[in-house]
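I have placed the structure first, in the form of structure tokens, so that the comments after it can refer back to it.
Number of protein chains: 2
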Amino acid sequence: MELDSRKKAILYAIIENYQETGEPVGSRTISKLECLNCSPATIRNEMADLEEMGLIVQPHTSAGRIPTDKGYRLYVDRMLEEQKERDLPALPMVELLGRRMDRVEELLVKMAQVLAANTNYTTMVTGPHYRKNKLKFLQLSPLEAGKLLAVVVLEGNMVKNNIITLEESLDDKAIVDLNFLLNNRLIGLTMEEINLALISALKEEAGGHSRVVVQVLDAVAETFAQDEGYPIYTSGAPNIFRYPELTGGDKASELISTLEEKKELGTVIGRLSTESGSRQDIQVFIGDEVPVDSMKDCSVVTATYSLGDGVQGKISIIGPKRMDYQKVVDTLKDTMNQLDRVFAKEE
Amino acid sequence: MELDSRKKAILYAIIENYQETGEPVGSRTISKLECLNCSPATIRNEMADLEEMGLIVQPHTSAGRIPTDKGYRLYVDRMLEEQKERDLPALPMVELLGRRMDRVEELLVKMAQVLAANTNYTTMVTGPHYRKNKLKFLQLSPLEAGKLLAVVVLEGNMVKNNIITLEESLDDKAIVDLNFLLNNRLIGLTMEEINLALISALKEEAGGHSRVVVQVLDAVAETFAQDEGYPIYTSGAPNIFRYPELTGGDKASELISTLEEKKELGTVIGRLSTESGSRQDIQVFIGDEVPVDSMKDCSVVTATYSLGDGVQGKISIIGPKRMDYQKVVDTLKDTMNQLDRVFAKEE
DNA sequence: TGTTAGCACTCTCAAAAAATGAGTGCTAAC
DNA sequence: GTTAGCACTCATTTTTTGAGAGTGCTAACA
Numbered sequence: 339m340e341l342d343s344r345k346k347a348i349l350y351a352i353i354e355n356y357q358e359t360g361e362p363v364g365s366r367t368i369s370k371l372e373c374l375n376c377s378p379a380t381i382r383n384e385m386a387d388l389e390e391m392g393l394i395v396q397p398h399t400s401a402g403r404i405p406t407d408k409g410y411r412l413y414v415d416r417m418l419e420e421q422k423e424r425d426l427p428a429l430p431m432v433e434l435l436g437r438r439m440d441r442v443e444e445l446l447v448k449m450a451q452v453l454a455a456n457t458n459y460t461t462m463v464t465g466p467h468y469r470k471n472k473l474k475f476l477q478l479s480p481l482e483a484g485k486l487l488a489v490v491v492l493e494g495n496m497v498k499n500n501i502i503t504l505e506e507s508l509d510d511k512a513i514v515d516l517n518f519l520l521n522n523r524l525i526g527l528t529m530e531e532i533n534l535a536l537i538s539a540l541k542e543e544a545g546g547h548s549r550v551v552v553q554v555l556d557a558v559a560e561t562f563a564q565d566e567g568y569p570i571y572t573s574g575a576p577n578i579f580r581y582p583e584l585t586g587g588d589k590a591s592e593l594i595s596t597l598e599e600k601k602e603l604g605t606v607i608g609r610l611s612t613e614s615g616s617r618q619d620i621q622v623f624i625g626d627e628v629p630v631d632s633m634k635d636c637s638v639v640t641a642t643y644s645l646g647d648g649v650q651g652k653i654s655i656i657g658p659k660r661m662d663y664q665k666v667v668d669t670l671k672d673t674m675n676q677l678d679r680v681f682a683k684e685e
Numbered sequence: 339m340e341l342d343s344r345k346k347a348i349l350y351a352i353i354e355n356y357q358e359t360g361e362p363v364g365s366r367t368i369s370k371l372e373c374l375n376c377s378p379a380t381i382r383n384e385m386a387d388l389e390e391m392g393l394i395v396q397p398h399t400s401a402g403r404i405p406t407d408k409g410y411r412l413y414v415d416r417m418l419e420e421q422k423e424r425d426l427p428a429l430p431m432v433e434l435l436g437r438r439m440d441r442v443e444e445l446l447v448k449m450a451q452v453l454a455a456n457t458n459y460t461t462m463v464t465g466p467h468y469r470k471n472k473l474k475f476l477q478l479s480p481l482e483a484g485k486l487l488a489v490v491v492l493e494g495n496m497v498k499n500n501i502i503t504l505e506e507s508l509d510d511k512a513i514v515d516l517n518f519l520l521n522n523r524l525i526g527l528t529m530e531e532i533n534l535a536l537i538s539a540l541k542e543e544a545g546g547h548s549r550v551v552v553q554v555l556d557a558v559a560e561t562f563a564q565d566e567g568y569p570i571y572t573s574g575a576p577n578i579f580r581y582p583e584l585t586g587g588d589k590a591s592e593l594i595s596t597l598e599e600k601k602e603l604g605t606v607i608g609r610l611s612t613e614s615g616s617r618q619d620i621q622v623f624i625g626d627e628v629p630v631d632s633m634k635d636c637s638v639v640t641a642t643y644s645l646g647d648g649v650q651g652k653i654s655i656i657g658p659k660r661m662d663y664q665k666v667v668d669t670l671k672d673t674m675n676q677l678d679r680v681f682a683k684e685e
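Protein chains in written order, with my numbering: chain A, 339 to 685; chain B, 339 to 685.
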């Protein structure tokens, strides 16, 4: 069957109306609303066709229609295609960015908060993938007998620290030497690259302190291993309560659990990174496309941010399938643009 | 009216039954359950008395009784009094503690998770109050042109780092000097004690670099100022969905919001610190006693933990008013004991 | 051939009505 | 002081009813 322009118009009208109301949309509503100038009966005929094509469904006989995942997909794809320029009120992201850009985690958390508050959906941000960023420098300091403080700085000024409990004591001289050795050999490498071969090579060089070298490297590696290599921040979880379709039955509970545990969220991210990004790196998952069971009633819109120096991660907006895709996509684009502008300017 | 031992027994029976079922408890249930050996009618008489005393109420005429806040209070006070030794299966807290005790935040988060999973309630842990802990040492390192990395270590090995963007560049020598100066003057002081008078004194001494001193101190102070001086971690928020009385209406939404925002939770903590702790520093807030509006249907049990070196904070378990106070209190005591054992052994 | 009016039909939702049942308070007997 | 018996109350559940929204179909119309 042909999807002529009127059918499209009707489909989009249904989607947008359903977006606002959350109620199934009837033929009468459409006939009034539209500049199509045709009667409910005509709309009904068209709707029957759209239903046959699998783009809309009736929740029950004699109810209005709601879009199917396939319907949404069509709508979203067109939207991403069109790239229509809209002017949104810019988010006060720059303000955040201006101050204390240095603290990456803090910045990400705030960003998530602003996005959640602005969209009324839930936001999830993954921190940069530590293992993929290069070591900028590493500093060992004596903390107390048998304990070392290791401060690790990665490109992009991500800082992590770790307290290492040693099995043997080291004097200050030894620490300075070790410091020098490690920096000399490791700077510029990513965590991934600091592998076994390298470690045993260092062990040789360290001579008497070989055990310490291993301990230090283990501890450092462990620091970056937690959170499966990247932290995940969420914000606006309570926003799901705005959407009855997400809170019926145990759904709210399951969603909140998923968000709290965060681990499973990684699968979304995992899935993301393997698939090729669409234009501007914005990807949309609709309903069943979301690879997390408890989110089958949700849609997820994802973008990749970059803070320069290879520091990058994903921002995702999680909402009901009837989310305002246009707004979400535009907001994310705006955010990405702001980030780019700030971090491009800086370099 | 006299609260004789039978009345007490009945009250406690009601409380414990309601704890399990969440349903109002009728006279018949009690009469069967109890070794009191008396008929429902007798129980009814006693219940009428208990109601008159304000210890139990009927949600509506001809329903069973449920405990009032006052009833719970009586029950809890007795329980805290009795100090009955029960043997709970010990939580696998030690296991956590054994490994990587050094990372305080990580430890606290894990602890919250274990407690939440074990009790089926929500757990909230406040990190140590940074401002009250003494500075152990402070280290400035050049990061790149115009940027310094400041690593601050407090007693108890709490480490915070901060990237400082300077208005002027400093050569290595200057940084070393500044480092020395700051350490010399600030070690052993708490963040609270590093006040304006001290800062201006340092400014004098720093001579040419007075602006830098201020910037560094500001940045450090700001690091510890965030989170109002201490972080708050929560875990097990989804557990509230287990208790219908917490999820009716918008309650779930409000509770989850409160937990997510965390700020307001501080008021509980604030209230706590002013009131004198009961035995073993365990405090119980029942219903209206909780100083947070969205938690008027909850009870909160709080304990103070100490990780040695003045590193201390609060652990709170948040659940419905009909929570298993005995279990929660015992679990907290057990946890505190384990902490004490580990950290006492260490010193 | 596409559009429209009309109408019977279906199904949800809300309100009203009726049945159910748990639990009480009271009284009178033990 | 305790208990059996009984009438009464009130939330809950089920049933009934009615209203309303929306459809599909048919027949007329341009």
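All C-beta atoms in this analysis are idealised placements derived from N, C-alpha and C, irrespective of residue type, glycine included.
With distances taken between CB atoms, is the gap from residue 491/B to residue 474/B smaller than 7 angstroms?
The Cβ-Cβ distance between residue 491/B and residue 474/B falls below 7 angstroms.
Using a Cβ cut-off of 9 angstroms, pull out every chain A residue sitting near residue 507/B, in sequence order please.
Near residue 507/B there are no residues of chain A at all, since even the closest Cβ is about 17 angstroms away, more than 9 angstroms.
So is residue 631/B buried or exposed if we call it buried at 16+ other beta carbons inside 10 Å?
Classification for residue 631/B: exposed.
Give me the residue from 600/A, 402/A and 373/A with the minimum Cα distance to residue 633/A.
Closest option to residue 633/A, Cα to Cα, is 600/A.
Let me confirm a value: residue 636/A is counted as buried when at least 16 other C-beta atoms fall within 10 Å, else exposed. Which label applies?
The residue is buried, with at least 16 neighbouring Cβ atoms inside 10 Å.
So residue 579/B is in the beta strand (DSSP E); what residue range does that whole segment cover?
Per DSSP, residue 579/B lies in no beta strand (DSSP E) and is assigned neither H nor E.
Consult DSSP for residue 540/A and reduce its assignment to one of helix, strand or coil.
Correct three-state label for residue 540/A: helix.
Quick check on this structure: which residue in 665/A, 416/A, 346/A and 415/A has the alpha carbon closest to the alpha carbon of residue 391/A?
The residue with the shortest Cα to Cα distance from residue 391/A is 346/A.
Just how far apart, CA to CA, sit residue 532/A and residue 493/B?
When only Cα atoms are considered, residue 532/A and residue 493/B end up about 32 angstroms apart.
Tell me the residue span of the beta strand (DSSP E) that contains residue 384/B.
In the DSSP annotation of this structure, residue 384/B is not part of any beta strand (DSSP E); the continuous alpha helix (DSSP H) holding it starts and ends at 378 to 390.
Below 7 angstroms between beta carbons: does that hold for residue 501/A and residue 480/A?
The Cβ atoms of residue 501/A and residue 480/A lie no closer than 7 angstroms to each other.
Apart from the five residues on each side of it in sequence, which residues of its chain come closer than 7 angstroms, Cβ to Cβ, to residue 592/A?
Same-chain partners within the cutoff: 632.
State the Cα-Cα distance for the pair residue 652/A and residue 416/A, rounded to the nearest angstrom.
Taking the straight line from one Cα to the other gives about 23 angstroms.
In whole angstroms, what is the alpha-carbon distance linking residue 573/A and residue 366/B?
Approximately 48 angstroms between the Cα atoms of the pair.
For residue 409/A, which residues in the same chain have their Cβ closer than 7 angstroms to its Cβ, ignoring the five residues on either side in sequence?
The residues are 349, 353, 393 and 394.
State yes or no: is the beta carbon of residue 454/B nearer than 7 angstroms to at least one beta carbon in chain A?
No, because no Cβ of chain A sits closer than 7 angstroms to the Cβ of residue 454/B.
Check whether the Cβ of residue 617/B lies closer than 7 angstroms to any Cβ atom in chain A.
Below a pLDDT of 50, predicted positions are generally treated as unreliable, and residue 617/B, at 49, falls in that range; no measurement from the model is reported.
Would you grab the beta carbon distance between residue 579/B and residue 590/B for me? Rounded to a whole angstrom, and I think it's under 8 angstroms.
Sure, about 7 angstroms apart at Cβ, within 8 angstroms.
Chain-ordered neighbours of residue 579/A on chain B, where CB pairs are closer than 8 angstroms
Listed along chain B, the residues sitting closer than 8 angstroms to residue 579/A by beta-carbon distance are 588, 590, 591 and 594.
Can you find a CB in chain A that lies within less than 7 angstroms of the CB of residue 634/B?
No, no contact with chain A.
Whole-Å CB distance - residue 620/A paired with residue 671/A, under 8 angstroms assumed
So it is a contact: roughly 7 angstroms between Cβ atoms.
Run the CB neighbour count on residue 584/A, radius 10 Å, all protein chains shown included, and call it buried at 16 or more, exposed below.
In the assembly as shown, residue 584/A is a buried residue. Its beta-carbon has 16 or more other beta-carbons within 10 Å.
Express the C-alpha separation of residue 455/B and residue 405/B in angstroms, rounding to a whole number.
Between residue 405/B and residue 455/B, the C-alpha separation is close to 26 angstroms.
Within this structure, are the beta carbons of residue 342/A and residue 626/A separated by less than 7 angstroms?
Residue 342/A is not a Cβ neighbour of residue 626/A, given a cutoff of 7 angstroms.
Residue interval of the beta strand (DSSP E) (run including residue 651/A)
Run containing residue 651/A: 650 to 658, per the beta strand (DSSP E) assignment.
Distance, Cα to Cα, residue 668/A vs residue 520/A?
Roughly 45 angstroms separates the two Cα atoms.
Residue 661/A, enclosing alpha helix (DSSP H) - first and last residue
No alpha helix (DSSP H) holds residue 661/A; DSSP gives it neither H nor E.
Any C-beta of chain B under 7 angstroms from that of residue 450/A
Contacts with chain B at 7 angstroms (Cβ-Cβ) do not include residue 450/A.
Per DSSP, what kind of secondary structure is residue 594/A in: helix, strand or coil?
Residue 594/A falls in the helix class under three-state DSSP.
If contact means a Cβ-Cβ distance below 7 angstroms, which residues of the segment 473 to 488 of chain A contact chain B?
For the segment 473 to 488 of chain A, which is checked against every Cβ of chain B, the residues closer than 7 angstroms are 477, 479, 481 and 487.
Using the C-alpha atoms, what's the distance from residue 681/A back to residue 644/A?
Between the alpha carbons of residue 644/A and residue 681/A lies a distance of about 8 angstroms.
Taking residue 598/B as the query, report the chain A residues whose CB atoms sit under 7 angstroms from its CB, ordered along the chain.
In chain order: 575 and 576.
I'd like to know if residue 570/B contacts chain A, where contact means its C-beta is closer than 7 angstroms to some C-beta of that chain.
No, its Cβ sits nowhere closer than 7 angstroms to a Cβ of chain A.
Are any of the Cβ atoms in chain A nearer than 7 angstroms to that of residue 501/B?
Yes - at least one Cβ of chain A is within 7 angstroms of the one on residue 501/B.
If I measure Cβ to Cβ from residue 447/B and keep anything under 6 angstroms in the same chain, skipping five residues before and after, which residues do I get?
Correct list, in chain order: 571.
The beta strand (DSSP E) with residue 643/B in it runs from where to where?
In the DSSP assignment, residue 643/B falls within the unbroken beta strand (DSSP E) covering 636 to 644.
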